[in-house]
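Undergrad: Numbering (this note's numbering), first residue to last: 383 to 467.
Please find one structure pasted underneath; my questions will follow.
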Amino acid sequence: MRNLLSQGLVAIIGKPHLWKVAITQLWRIRKNGWFKQFPFFPLPNKKYINFRLLTAYGDEGPAKFFKSDLVTYFKWCRGWRVSSK
């Protein structure tokens, strides 16, 4: 999970227009009761992330396409938010 988080940061670090979207999406998938357990960060549930990665990539794993897919997803979220206003 840390590896995916660091890959995600690398993917969007040079794209400030996606920072707000990335933070919003991370907040939306945070684990319930995240403030009750160490580390006190709103991180997503590992089981949920594993399920989403399995449904997206199957047995291949996300290593090859994760960064580009994440950027594409954030762009889609940004466009969806803008078009819904």
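For glycine and all other residues, C-beta sits at the position ideal for the given N, C-alpha and C.
1. Are there any heavy atoms of the ligand ZN lying less than 6 angstroms away from the beta-carbon of A393, as far as the coordinates show?
2. The alpha helix (DSSP H) spanning Q407 covers which residue range?
3. In chain order, what residues of the same chain lie with their CB nearer than 6 angstroms to the CB of F448, ignoring the 5 residues before and after it?
4. Looking at V403: is its Cβ nearer than 7 angstroms to the Cβ of F456?
5. Provide the residue(s) that pair with P424 in DSSP beta bridges, ordered along the chain.
TA: Once the coordinates are examined:
1. Although the ligand ZN was asked about, the structure shown includes no ligands whatsoever.
2. Reading the sequence shown from its first residue, position 25 is the one you call residue 407. Counting along the chain, the alpha helix (DSSP H) containing Q407 begins and ends at 401-410.
3. As a first step, residue 448 must be located in the sequence shown, where it is residue number 66. Within the same chain, F448 has close Cβ partners Q389.
4. Reading the sequence shown from its first residue, position 21 is the one you call residue 403. Reading the sequence shown from its first residue, position 74 is the one you call residue 456. Going by C-beta atoms, V403 is nearer than 7 angstroms to F456.
5. Stepping through the sequence shown from its first residue, residue 424 is reached at position 42. In the DSSP output, where bridge partners are listed per residue, P424 has none listed.
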